[in-house]
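Numbering (my numbering), first residue to last: 111 to 427. Even for Gly, the Cβ is constructed at its ideal location relative to N, Cα and C. These numbers were taken from a predicted model, which means no experiment stands behind them.
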Amino acid sequence: MSKNCSLAETGELLKAAKKLVIVSHVSPDGDTLGSSLALMHALRALGKDVIMNVDDDISTVYSFLPGIQEYRRFGADETIEADLLVIIDASSADRAGNAMEVVRPGAVLNIDHHKTNTRFADYLYLDSDAAATAEIIYALLLEMGTEFTTDIATCIYEGIYTDTGSFKYSNTTSKTMETAAALLKHGVNPSLVSDNMELRSRSQVEMLRKVLETLTFLKDGKIAYIEIAPELYDRNVDTDAFISYPRYIEGVEIALLFKQPEENLTRVSFRSKEIDVAKIAVSFGGGGHKKAAGCSIYAPMKEAEKIVLQAVEDLFV
Ligand code: AMP
Ligand code: MN
Ligand code: MN
111 MSKNCSLAET
121 GELLKAAKKL
131 VIVSHVSPDG
141 DTLGSSLALM
151 HALRALGKDV
161 IMNVDDDIST
171 VYSFLPGIQE
181 YRRFGADETI
191 EADLLVIIDA
201 SSADRAGNAM
211 EVVRPGAVLN
221 IDHHKTNTRF
231 ADYLYLDSDA
241 AATAEIIYAL
251 LLEMGTEFTT
261 DIATCIYEGI
271 YTDTGSFKYS
281 NTTSKTMETA
291 AALLKHGVNP
301 SLVSDNMELR
311 SRSQVEMLRK
321 VLETLTFLKD
331 GKIAYIEIAP
341 ELYDRNVDTD
351 AFISYPRYIE
361 GVEIALLFKQ
371 PEENLTRVSF
381 RSKEIDVAKI
391 AVSFGGGGHK
401 KAAGCSIYAP
411 MKEAEKIVLQ
421 AVEDLFV
């Protein structure tokens with residue numbers, strides 16, 4: 111069970127540490143990467159020793175983020191001493207990959223915005239009303255008196271851009287827009303971010319063409335799902351945007367995407383218009399938000415599909 115921290119207490123914990131390891135969650139997205147990098151830049155400006163970690167590949171889509179080259183993956187037999195292990199935008203320990211085993215920290219701090227947070231860290235700053243963890247990081251850095259460079263502002267903007275679907279999902283609030291406006295004043299170039307985020311590689315579009323052929327409807331079109339066949343799966347191809355195709359079909363209430371990154375591991379993404387898909391994801395050991403959630407199932411894709419689709423269909427009886 112974690113100790114809940116205020117923003118001021120979170121800032122004090124960070125300032126008191128000399129050596130910190132910042133961890134982004136596995137299957138890294140723009141929020142976990144942008145939030146972690148903004149914090150890295152701010153802490154390094156204070157003279158801190160900061161190690162960046164993610165236990166996964168990072169899509170080349172994020173190559174434009176200032177500082178992205180600082181990330182490293184830990185070997186399973188490594189041991190790293192640190193004053194503070196900071197886990198960003200992750201709602202459970204497994205999302206941190208091997209960092210909890212490799213790092214021997216004085217304490218673990220988790221900064222997150224998932225209502226499904228499992229309170230696994232020693233200290234927790236959780237705001238489930240925040241549109242993105244990056245929105246929390248903005249408030250935290252203000253609290254800490256950080257000087258907002260264009261690099262820091264760009265990383266925070268990226269996090270908010272990702273989790274709000276470029277300022278259009280229902281989590282977008284007036285505060286989100288005010289934060290974005292402040293970030294623009296600190297030099298963010300919105301078209302630099304969107305040009306990078308919207309860019310598609312040819313291999314990605316070619317994969318999408320094949321994936322769309324798998325589009326299947328259940329329950330009179332209330333459920334739609336697509337799958338990335340194991341022989342098609344390529345860890346170098348970013349597939350995060352694929353789920354928006356079944357998601358925005360008229361009449362679809364729940365959309366799913368299945369992929370099998372390893373032989374006995376299936377990753378499932380859920381999106382909904384109103385139904386709480388975080389509940390379903392949690393029932394399979396995952397997490398997320400009401401309208402966007404995910405889980406990992408330790409089974410081949412076809413087997414995982416069977417059990418997950420059954421659970422989703424049961425919502426409509
Ligand atoms: P995704 O479908 O991967 O874009 O994820 C949608 C949301 O669900 C994000 O907020 C993720 O952090 C969360 N999520 C995805 N997979 C998992 C998982 N295996 N465990 C916990 N949360 C997850
Ligand atoms: Mn995330
Ligand atoms: Mn997030």
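Distance between beta carbons of residue j and residue i, contact taken as under 8 angstroms
i	j	result
HIS224	GLY398	6 angstroms
PRO356	ALA334	4 angstroms
THR264	PRO176	6 angstroms
ASP166	SER137	6 angstroms
TYR279	ILE266	About 17 angstroms; that fails the 8 angstroms criterion.
SER304	SER276	7 angstroms
Sequence-distant residues of its chain with Cβ nearer than 7 angstroms to residue i (five each side left out)
i	result
ASP386	LYS400
ARG229	MET111, SER112
LEU425	ILE385
LEU318	PHE352
ILE246	ILE221, HIS223, TYR235, ASP237, ALA240
ASN306	VAL171, PHE174
GLU413	none
Endpoints, alpha helix (DSSP H) assigned at residue i
i	result
ASP141	140 to 155
GLY121	117 to 126
GLN420	411 to 423
ILE390	387 to 393
Status (buried if at least 16 other CB within 10 Å, exposed otherwise) for residue i
i	result
ILE353	buried
LYS295	exposed
ILE359	exposed
LEU156	exposed
ARG345	exposed
ARG205	buried
THR326	exposed
GLN314	buried
ILE338	buried
GLU415	buried
ASP291	Here residue 291 turns out to be Ala, not Asp, going by the sequence shown. So ALA291 counts as exposed.
ASN281	buried
ALA421	exposed
ARG214	exposed
SER406	buried
SER145	buried
VAL427	exposed
LEU149	buried
ALA186	exposed
ALA118	exposed
ILE262	buried
Contacts around residue i, its chain only, beta-carbon distance under 8 angstroms, and the 5 residues preceding and following it disregarded
i	result
GLU188	VAL212
GLU423	LEU328, LYS329, ILE333
ARG182	ILE161, MET162, ASN163
ILE178	LEU143, LEU147, ILE168, TYR172
MET254	GLY121, LEU124, LYS125, ALA152
GLY216	ALA127, ALA192, ASP193, LEU194
ASN227	SER201, SER202, ASN220, LEU234, LEU236, SER238, GLY397
LEU322	ILE336, TYR355
LEU367	TYR335, ILE336, GLU337, ILE338, THR349, PHE352, ILE353, PRO356, VAL378, SER379
Nonlocal neighbours in the same chain, by C-beta distance under 6 angstroms from residue i, ignoring five residues either side
i	result
ASP139	THR272
PRO340	GLN370
LEU180	It should be noted that the sequence gives Glu, not Leu, for residue 180. Hits under 6 angstroms: MET162.
LEU251	ALA152
VAL218	LEU195, ALA231, ASP232
ARG381	ILE353, ARG357, ALA365, ALA402
ALA242	ASP141, GLY269, ILE270, ASP273
THR324	ILE336, GLU337
VAL133	ASN163, ILE197, ALA206, ALA209
MET411	PHE368, GLN370, THR376
Residue range of the unbroken beta strand (DSSP E) whose run includes residue i
i	result
THR376	375 to 382
GLN162	The sequence given here places Met at residue 162; Gln does not occur at that position. 159 to 163 is the extent of the beta strand (DSSP E) around MET162.
LEU175	Segment: none, LEU175 is in no beta strand (DSSP E) and carries neither H nor E.
GLY185	Taken as a continuous stretch (DSSP letters only), GLY185 belongs to no beta strand (DSSP E), as it is neither H nor E.
LYS369	364 to 372
VAL136	Looking at the DSSP string, VAL136 is not in any beta strand (DSSP E), and its letter there is neither H nor E.
SER112	Unbroken run through SER112: none, as it is neither H nor E.
ILE407	402 to 407
Within-8 angstroms CB hit, residue i to chain C
i	result
LEU318	The structure shown contains no chain C; it holds only a single protein chain.
| query | Can you give, in chain order, each stretch of the beta strand (DSSP E) that sits fully within the segment 198 to 285 and has at least 3 residues? | reply | Within the segment 198 to 285, complete beta strand (DSSP E) segments of at least 3 residues are found at 213 to 222, 233 to 236, given in chain order.
| In chain order, which continuous runs of the beta strand (DSSP E) of length 3 or greater are located wholly inside the segment 291 to 353? | Whole beta strand (DSSP E) segments, 3+ residues: 326 to 328, 333 to 338.
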